[in-house]
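Participant:
Residue numbers (the numbering used here): 11 to 123.
1) Give the DSSP-derived three-state secondary structure of residue 77 in the structure shown.
2) Go ahead and pull the three-state DSSP assignment for residue 27.
3) Would residue 92 pass as a contact of residue 38 if the rule is Cβ separation under 8 Å?
4) Closest to residue 65 by C-alpha separation, out of 85, 24 and 95, would be which residue?
5) Around the Cβ of residue 34, are there at least 16 other Cβ atoms within 10 angstroms (buried) or fewer (exposed)?
6) Using beta-carbon positions only, say whether residue 63 and residue 40 come within less than 8 Å of one another.
7) Closest to residue 56 by C-alpha separation, out of 42, 69, 68 and 67, would be which residue?
8) Please state the DSSP three-state secondary structure of residue 90.
9) With which residues is residue 38 paired in a DSSP beta bridge?
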């Protein structure tokens with residue numbers, strides 16, 4: 011995953027959060043997840059399929075999301091749609107709270123600069 015100016019270790023730590031948050035409002039397939047994250051972050055977070063699919067499979071193994079194959083609405087091959095499970099929604103809430111606490115703790119340092 012690449013970002014415009016952000017540290018790679020920090021980005022790897024936020025990937026699960028971004029994926030779970032992207033699926034919060036309904037099922038999406040891979041390309042749409044990438045586009046959603048890029049759009050909602052103003053292009054700050056940019057990752058490729060080689061990063062996306064291993065992360066999605068890891069989250070699926072943890073029962074945080076579930077995959078479902080559906081026919082393409084454009085006549086192409088079927089697409090695998092991912093959606094949050096109840097456990098995934100709980101994990102998203104936990105991670106969102108942790109992200110807010112982290113941002114709040116850093117605020118004095120960011121404002122001082």
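Beta carbons are placed, not taken as given, at the ideal position from N, Cα and C, and that holds for glycine. Here the structure is a predicted model, which is why all the values come from computation and not from measurement.
Facilitator: Let's see:
1) Within the chain shown, the letter at position 67 stands for residue 77. Residue state, collapsed to three classes: strand.
2) In the chain shown, the residue the question calls residue 27 occupies position 17. Reduced to three states, the DSSP call for residue 27 is helix.
3) For the purposes of this step, residue 92 is taken as the residue at position 82 of the chain shown. For the purposes of this step, residue 38 is taken as the residue at position 28 of the chain shown. The answer is yes: Cβ separation under 8 Å.
4) Translated into positions along the chain shown, residue 65 becomes position 55. The residue with the shortest Cα to Cα distance from residue 65 is 24.
5) What you label residue 34 is simply residue 24 of the chain shown in a count that begins at 1. Exposed, by the Cβ-count rule.
6) Here the question's residue 63 lines up with position 53 in the chain shown. Here the question's residue 40 lines up with position 30 in the chain shown. Going by C-beta atoms, residue 63 is nearer than 8 Å to residue 40.
7) Your numbering for residue 56 matches position 46 in the chain shown. Selected option, being the one with the closest Cα: 42.
8) Walking along the chain shown from the start, residue 90 turns up at place 80. The answer is strand: DSSP assigns residue 90 an E or B state.
9) Within the chain shown, numbered from 1, the residue matching residue 38 stands at position 28. Its beta-bridge partners are 92.
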